[in-house]
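J.: This structure is in structure tokens; I'll ask about it shortly.
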Amino acid sequence: MLVSLDSKLVVLTTVHHLEKPITFKAKIKIKGRTEYIETSIVDKYPNVFSIEQWQDEIETIILYDFEIVKKQN
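See below:
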């Protein structure tokens, strides 16, 4: 779900029901610019409502390269 509020705050909410955490990459296109900018996204855990937010006026967001988070030692 992508929501734009009057305050120009853009919020991306996610939740997934897989058994393991996932990660993915995101690129945003800010109004008035021609290029996409890669932005950071935190790992997403199962059955947890996650929020990402930006204060930029975003026209488009691309989510890609979804994968299961590998265990870290």
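Residue numbers (my numbering): 1211 to 1283.
Don't be surprised by glycine CBs; every beta carbon is placed ideally from N, CA and C.
Source: prediction; values computed, not measured.
State the DSSP-derived secondary structure class of Glu1262, mapped to helix, strand or coil.
T.: Locating residue 1262 in the sequence shown gives position 52, counting from the first residue. Note: Glu1262 maps to strand in three-state DSSP.
J.: Which residue comes first and which comes last in the beta strand (DSSP E) that contains Lys1239?
T.: Walking along the sequence shown from the start, residue 1239 turns up at place 29. That run of the beta strand (DSSP E) goes Ile1232 to Ile1240.
J.: Within the continuous beta strand (DSSP E) that includes Thr1224, where are the two ends?
T.: Taking the first residue of the sequence shown as 1, we reach residue 1224 at position 14. Here the beta strand (DSSP E) through Thr1224 covers Val1220 to Thr1224.
J.: Name the DSSP beta bridge partners of Thr1270, please?
T.: Your numbering for residue 1270 matches position 60 in the sequence shown. Paired residues: Lys1239.
J.: For the beta strand (DSSP E) containing Glu1248, name the first residue and the last one.
T.: If you number the sequence shown from 1, residue 1248 lands on position 38. Its beta strand (DSSP E) spans residues Ile1247 to Thr1249.
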